[in-house]
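Input: a single structure, listed below in structure tokens.
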Amino acid sequence: MKLGFTTLAVFMEDNNKIIDLAKKHGFEIIEILGEDPFYENDNGEFKDCGLDVRIHAATVDINIASLNKGIRLESVKQMIECGHYAESINANTITVHPGIIGRNEPHLRKWALEYAVESIGEIIDNTNVEISVENMPVNGKFLGNKVEEIEMIQKETGCCLTIDTGHGNTCGNLEEMLSLKNISYCHLNDNDGKKDQHITLGKGTLDLNLLKKIDTAIIELNNFDNVLKSKKVIENL
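With our numbering applied, the sequence shown corresponds to residues 29 to 265, in that order.
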């Protein structure tokens with residue numbers, strides 16, 4: 029498995045330190061957490077750093093499927109800007125969340141999904157990097173936590189997919205999610221099967237055998253020691 033980790037585990041550390049840490053521990057990929065504080069730095073160190081660089085586009089206060097036009101348009105604008113930034117550092121992919129719905133009523137959900145498709149299409153049309161949409165956890169406000177929704181988004185937009193193992197575990201559909209086409213890479217984390225907890229692999233109810241189906245992955249945890257523990261679990265599969 030081609031393996032990396034998210035900068036969430038070392039958020040706002042020196043960029044060269046992050047790159048050196050990845051190489052020291054044998055990681056081949058880095059996923060940059062693209063929330064606003066990151067862009068306050070000069071991040072040229074990631075360009076041609078010898079790692080496969082991906083970016084997790086901002087999620088805080090972002091909703092590309094919002095029924096509020098102003099919020100939706102600003103969210104799409106920021107995703108496109110993230111795509112342009114990815115181009116500037118030769119990153120290969122940006123991962124985007126499909127959006128949320130304030131009231132989980134069928135007609136509103138359908139409406140929001142249509143906006144999500146429209147927004148993702150606009151992001152793809154205005155960027156030159158791979159756009160990958162992530163499956164979401166079980167909470168009813170999230171779009172894209174059902175296989176049929178992710179399939180529809182992919183079919184309508186031609187996007188790639190980022191499959192989060194923990195999210196799929198809370199929904200009971202991880203095996204189906206991993207069988208979808210055009211998966212760019214996966215997020216690896218564990219939980220109790222009920223709540224999105226992002227804990228070390230092997231500490232929850234995730235069926236670790238499913239990880240054998242994955243070719244490219246990011247360990248998505250907020251603690252680097254736990255990243256290394258999860259790496260060992262993967263190496264022992």
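Here a beta-carbon is modelled for each residue, glycine too, at the ideal position from N, C-alpha and C.
- Shown here, Asp48 sits in a helix according to DSSP, grouped into three states.
- For Asp64, the enclosing alpha helix (DSSP H) stretches over residues Asp64 to Tyr67.
- CA-CA distance, Ile181 to Phe74, rounds to 30 Å.
- Runs of the beta strand (DSSP E) lying entirely within the segment 169–235, each at least 3 residues long, are 188–192 and 211–216 in chain order.
- Where Ile122 is concerned, the enclosing beta strand (DSSP E) starts and stops at Thr121 to Val124.
- Between the segment 89–104 and the segment 51–61 there are fewer than three C-beta pairs closer than 8 Å, too few to call the two in contact.
- Distance from the Cα of Lys105 is smallest, within the candidate group Ala86, Ala119, Ile117 and Thr121, for Ala86.
- Residue Asp80 holds the alpha-carbon nearest to the alpha-carbon of Asn118 among His215, Asp80, Asn91 and Ile128.
- With a cutoff of 7 Å on beta-carbon distance, Ile191 and Asn163 are scored as near each other.
- The beta carbon of Gly221 lies closer than 6 Å to those of Asn197 and Thr233 in the same chain, with the five residues before and after it left out.
- Cys188 and Glu158 have their C-alpha atoms spaced approximately 7 Å apart.
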